[in-house]
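First residue of the sequence shown? That's 1 in UniProt numbering, and the numbers climb one at a time after it.
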Amino acid sequence: MSTEQMSHATQTTAESDVTVIDPRAPRFGQSITATLLLVGVVLAEPVLIYTVAVILGLATVSRWRLDLYRLSWEYVVIPVLGRPNEPEPAAPHRFAKLLGATGAVAASLFLIAGISTGGFAIATAVGLLAGLAATTGFCLGCRMYRQVSFLRSRGVL
C-alpha cells in the first residue's frame, strides 16, 4: 500500500460522514450478504443470518464507523485493486444497507422467536435482493432512496 493510499484509507476511516464511496465496494458487501443469507437459508443455519444482522446492524448503529464490509474493502481489497477513478455518492448505498439491516434483524428476531418459516422467508428476500444488486447492479434500496429524494424535492413528502 502506498503512502498516499494509506493516508487516504486512514482519512476515510476517521471520517464518519464520508459522502462518496468506491462504486465497487457495495457489490463486495452485497455479495457477502447474499452468500451468507442464502447459505443460511439453504442449510437452515440461523447463525449465518444472525451474523449478517450483527454486521449490518453494527454498521448502521455506529453511523458507518464500524462497517466491517467497508473496513475489509479498504484494508484488504483496495491494496490489490487500487482506488477507483470516480467515486459515487454514499447515501443511496447506506439507505440500502439500512434496509438490509432491518430485514436481517427482522429475520433474526423471527428465528429467535421460533417462527422459522417467517425468518427464513425474510432472509431469502433480503439475500435475493442483495444478490441481484451484486450481480446486476440493480439496487432496489438505492432506487427507493432516489425516489424518496425526488418526492421530497417536489414537496410531496
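Every residue, glycine too, gets a C-beta built ideally from N, C-alpha and C.
Return helix, strand or coil for residue i, following the three-state DSSP convention.
i: P46; result: helix
i: A96; result: helix
i: C142; result: helix
i: S62; result: coil
i: T3; result: Unreliable positioning characterises T3 in this predicted model, as indicated by a pLDDT of 40, which lies under 50. The coordinate reading is nonetheless provided below. DSSP places T3 in helix when its eight states are reduced to three.
i: G155; result: coil
i: I55; result: helix
Who pairs with residue i in a beta bridge, going by DSSP?
i: V20; result: P89
Alpha carbon to alpha carbon, how far is residue j from residue i? Give it in angstroms, no decimals.
i: L71; j: P46; result: 25 Å
i: residue 158; j: Q147; result: Outside the shown range of the chain, which is 1 to 157, sits residue 158, and nothing can be said about it.
i: G29; j: R143; result: 17 Å
i: L58; j: T124; result: 21 Å
Counting only the same chain and skipping the five closest in sequence on each side, list residues whose C-beta sits under 6 Å from that of residue i.
i: R53; result: Correcting the residue identity first, residue 53 is Ala in this sequence and not Arg. Correct list, in chain order: A104, V105, S108.
If I'm right that residue i touches residue j with Cβ under 8 Å, what's the distance once you round it to whole angstroms?
i: E88; j: V20; result: 6 Å
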